[in-house]
Structures are given as structure tokens and as C-alpha cells.
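A.B. asks:
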Amino acid sequence: MSNLRVFAASLLATAALCAPAMAVAQTEIDFTLGFGAKVAPAYIGSSHMGVGASGSFALNHIAMGGLAFGSNDPNAQKLGFGLRGAFNLVGARKAADHAELTGTNDIGTAVEIGFGLGYEARDWRAFADLRYGAIGHHSTVMEVGSDWKALSNERFHLSVGPRLIYGSGRYNATYFGITPAEAVASGGALAAFAPTAGLVAAGVEVSGSYRLNDLWAVKGTLRYDRLRGGAAQSPIVAAGSRDQASLKVQLTRRFHLAF
Numbered sequence: 228m229s230n231l232r233v234f235a236a237s238l239l240a241t242a243a244l245c246a247p248a249m250a251v252a253q254t255e256i257d258f259t260l261g262f263g264a265k266v267a268p269a270y271i272g273s274s275h276m277g278v279g280a281s282g283s284f285a286l287n288h289i290a291m292g293g294l295a296f297g298s299n300d301p302n303a304q305k306l307g308f309g310l311r312g313a314f315n316l317v318g319a320r321k322a323a324d325h326a327e328l329t330g331t332n333d334i335g336t337a338v339e340i341g342f343g344l345g346y347e348a349r350d351w352r353a354f355a356d357l358r359y360g361a362i363g364h365h366s367t368v369m370e371v372g373s374d375w376k377a378l379s380n381e382r383f384h385l386s387v388g389p390r391l392i393y394g395s396g397r398y399n400a401t402y403f404g405i406t407p408a409e410a411v412a413s414g415g416a417l418a419a420f421a422p423t424a425g426l427v428a429a430g431v432e433v434s435g436s437y438r439l440n441d442l443w444a445v446k447g448t449l450r451y452d453r454l455r456g457g458a459a460q461s462p463i464v465a466a467g468s469r470d471q472a473s474l475k476v477q478l479t480r481r482f483h484l485a486f
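Sequence positions in the sequence shown follow our numbering and run 228 to 486.
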């Protein structure tokens, strides 16, 4: 523990002894983790489907000192602006598993984490998330979208809305680029291609959840994306498909930490 933290802890302890009726402010974090399975393209741009793991993270509430965002009440409808946690899991891509990728470099599993800003109204929501590949591609990707809350009550929620994905130059090069060396290794099947930063995909998402209790819920997500911009022009996508559809089913659990 740093000297600053020791000093702060001493002050709090002294205040508690001198004025026991005074409440000591806590740092609180309330978040939801989800894990399950998904049926999705075998890799980004593929025309073949595969089955893999699916994960999610949502920041519900954070309070530090006099600052607080969101709510730790699972029944509360959080209206207005708020911070969001952002998480995405992208599966590995191996050339040996797909004949059309012969000559390309393998890409490991990526874990994207970050934060976003959202606005919540009674019948709709909008958000903008920025994620970084902490494991895997080590680049940034941005997702913006909105939802119409088609159905919302204490147990069941159903929403639908558009999505846009933007990738940095490094992100697009990782998943859609072909280096000269890869072009040669492919035997001429894939031409060299160097995409720049920009729009990756536009699509729509339908999401539904059923709350089992205050901690556990089941969530399903059906999504369709159409690859755009440099991604759509990639030889990798030309050998696969611009149309990307997926289905995810997860079991989620809410966690509350106070310290």
C-alpha cells in the first residue's frame, strides 16, 4: 500500500473514532459478468459458421467519494447519461483450418476491454463504446448504437437497434489486411491489401434477457452485420462473405464490491 493510501486510511480511522455516528464513504463497484456460447462466422469475414465461447461485461454502478454513476439497485431504471463498461471476445483465426486463408498469418484470441458513454431513456437508449485489444490485436475499435426498448418489465427485456463499428488502422490491418509476404505465401490467391482506419460494419442487433433473481439472468443476442469500407474490399472477405450473422446465449451474474 502506498504512503498516500496509508495516510488516507489513518484519517478515516481517526474520523471514525472521534465521530462514530458519522458514516465513512466507501468505494463501491457493481458490475455484471456473463459467459456462454455463440454461433458465429468462423472468423471475421468468413462465410462458414462455427461455435465458440462468448463473454460480456457491464458496469452498473461505481461510487468513489462524492462521485457516483449508475445504480446498484437491480430493479432501478437508470435514466440519463452514464458510464458503461465495454467488453468483447474475438476468437482466434488459423490459416490451417481454412483453405481460403492459406498463406496468411494466424491471429490469436483477442480480449477487448474499455469504457463508453450511454444515454438511457424510458423507451430507448444510445451509446458509444471504445475498446482496446488488451490481449490479441492491441488496437482500438469503436462501436456506436441505439436501441428501442420493445418490451421492458421486472423480469423480461427485449430491445432492437442499429450498430456501427469503426476500426483503427492497426485493427483493420490485423483482420482484413494482406501483407506482400502473405500474398506470396498464398500462391497468388490473395492480393496484397493495406486497409486504413474507418468504418468496418453496419448492422442491427436484437437482444433479450430474462432475470431469474436479483443476481442471475439469461441473455440472448441475435445480430447481423454487413461489412463496409476497407473491410468489404479485403481479399479475405472476397473469399468469404460480407454478411455476418451471430447468435449468443449467456448466463450472467451481478457482483457488488465495497471497500
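Quick reminder that beta carbons are idealized off the backbone N, C-alpha and C, glycines included.
Rounding to the nearest angstrom, what Cα-Cα distance links Gly312 and Asp333 in this structure?
C.D. replies: Going by the C-alpha atoms only, they are around 29 angstroms apart.
A.B. asks: Thinking just about the alpha-carbon of each residue, which of Arg481, Ile289, Tyr451 is nearest to the one in Asp470?
C.D. replies: For Asp470, the nearest C-alpha among the options comes from Tyr451.
A.B. asks: Using the C-alpha atoms, what's the distance from Asp300 back to Val371?
C.D. replies: Answer to the nearest angstrom: the Cα atoms are 26 angstroms apart.
A.B. asks: Near Gly518, what residues of its chain come up, given a Cβ to Cβ distance below 7 angstroms and the 5 sequence neighbours on each side ignored?
C.D. replies: Here the chain comprises residues numbered 228 to 486, so residue 518 is not present and cannot be evaluated.
A.B. asks: Residues bridged to Gln460 by DSSP?
C.D. replies: Answer by DSSP bridge pairing: none, since Gln460 is not bridged.
A.B. asks: Tell me whether the beta-carbon of Phe403 lies closer than 8 angstroms to the beta-carbon of Gly457.
C.D. replies: yes
A.B. asks: Within this structure, are the beta carbons of Trp375 and Gly360 separated by less than 8 angstroms?
C.D. replies: no
A.B. asks: Within this structure, are the beta carbons of Gly297 and Leu286 separated by less than 8 angstroms?
C.D. replies: The answer is yes: Cβ separation under 8 angstroms.
A.B. asks: Is Asn399 helix, strand or coil when you go by DSSP?
C.D. replies: helix
A.B. asks: Comparing alpha-carbon positions, which option in Asn399, Ala410, Pro407 lies nearest Leu454?
C.D. replies: Asn399
A.B. asks: Nearest CA to the CA of Gly335: which residue from Leu357, Ala353, Asp356, His364?
C.D. replies: His364
A.B. asks: Beta-carbon separation of Tyr393 and Val368 under 8 angstroms?
C.D. replies: yes
A.B. asks: Would you say the region 478-486 touches the region 253-263, given that touching needs at least three Cβ pairs under 8 angstroms?
C.D. replies: yes
A.B. asks: Which same chain residues, not among the five before or five after Leu378, have their C-beta less than 6 angstroms away from its C-beta?
C.D. replies: Contacts found: Leu385.
A.B. asks: Within a Cβ cutoff of 8 angstroms, which residues of the same chain sit near Arg358, ignoring the five residues on either side of it in sequence?
C.D. replies: Ala313, Phe314, Asn315, Glu339, Ile340, Gly341, Thr367, Val368, Met369, Glu370
A.B. asks: Could you have a look at Ala280 and say whether DSSP puts it in helix, strand or coil?
C.D. replies: DSSP, reduced to helix, strand and coil, places Ala280 within a strand of the structure shown.
A.B. asks: Going by C-alpha to C-alpha distance, which of Leu442, Ala466, Arg390, Asn440 sits closest to Ala418?
C.D. replies: Ala466
A.B. asks: I'd like to confirm the pairing. Which residues does DSSP put opposite Phe486 in its beta bridges?
C.D. replies: According to DSSP, which records beta bridges pairwise, Phe486 is partnered with nothing at all.
A.B. asks: Any idea which residues DSSP pairs Asn315 with across the strands?
C.D. replies: Glu339
A.B. asks: Note the first and the last residue of the continuous alpha helix (DSSP H) segment covering Pro208.
C.D. replies: Outside the shown range of the chain (228 to 486) lies residue 208, about which nothing can therefore be said.
A.B. asks: Assuming Val476 and Ala264 form a contact by the criterion Cβ under 8 angstroms, report the distance between their Cβ atoms to the nearest whole angstrom.
C.D. replies: Right, the Cβ-Cβ distance comes to about 6 angstroms (below 8 angstroms), so this counts as a contact.
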